[in-house]
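Quick notes on the structure that follows.
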Ligand SMILES: [Zn+2]
Ligand SMILES: [Zn+2]
Ligand SMILES: [Zn+2]
């Protein structure tokens, strides 16, 4: 009896410890994630200002939404996400802001989805390219100078002078691919 009470108390203490650990992990994640978001937004704001653009409420809000999502979003998604935060922007404004951000390479239009993502490469020059998961929508952005040169040479062989590249690889991210392989082997 005595022993089981001690064990019980010990178990309770451990559970509480686990819960506290989980809570701390969640809080750290939130602080870390919001820290990254504000760094990305801050960087974009600096570029806007350096190019002589005012940092309006609409521009800041759209940048924040783009920085907080890992997938491409349509102007309608952006509007909905803002409404959830008690903010309202009309579609024309959102389109205009996206146009400006894409023109400054602070955001990109993802060809396969037609949606928009915030640029994740900062000041990195060159052509920003994507790999996009058709299953979960995860997007990874990268630059590859060699790939650019190779494509440029190929276009040249067709008598074409390339000015920039838009490119996207569609398929499955490693996580979705792993799930599919598992599903195929068990089903
Ligand atoms: Zn980019
Ligand atoms: Zn995926
Ligand atoms: Zn290129």
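Residue numbers (this note's numbering): 340 to 526. Backbone N, C-alpha and C define an ideal beta-carbon position, used for all residues, glycine too.
DSSP places residue 503 in the coil class of the three-state scheme, outside both helix and strand. A check of alpha carbon separations from residue 469 across 503, 449 and 387 identifies 449 as the nearest.
Of the heavy atoms belonging to ligand 2, none sits nearer than 6 Å to the Cβ of residue 509.
Beyond the five residues adjoining it in sequence on each side, residue 465 comes within less than 7 Å, by CB distance, of 482, 484 and 487 in the same chain, given in chain order.
A Cβ closer than 5 Å to some heavy atom of ligand 3 marks a residue here, and those residues are 466, 487 and 504. Using a Cβ distance threshold of 7 Å, residue 458 and residue 512 do not count as a contacting pair. Within the segment 358-435, complete alpha helix (DSSP H) segments of at least 4 residues are found at 396-407 and 414-423, given in chain order.
When C-alpha distances from residue 424 are compared across 435, 407, 411 and 439, the shortest belongs to 407. For residue 398, the CB contacts under 6 Å within the same chain, skipping 5 residues up- and downstream, are 436 in chain order. Residue 473 sits in coil when the DSSP states are folded into three classes, being neither helix nor strand. Cα atoms of residue 456 and residue 412: separation of roughly 7 Å, rounded to the nearest angstrom.
With fewer than 16 other Cβ atoms inside 10 Å of its own Cβ, residue 500 counts as exposed. When only Cα atoms are considered, residue 378 and residue 357 end up about 31 Å apart. Of all alpha-carbon atoms in 462, 495 and 498, the one lying nearest the alpha-carbon of residue 389 is that of 462.
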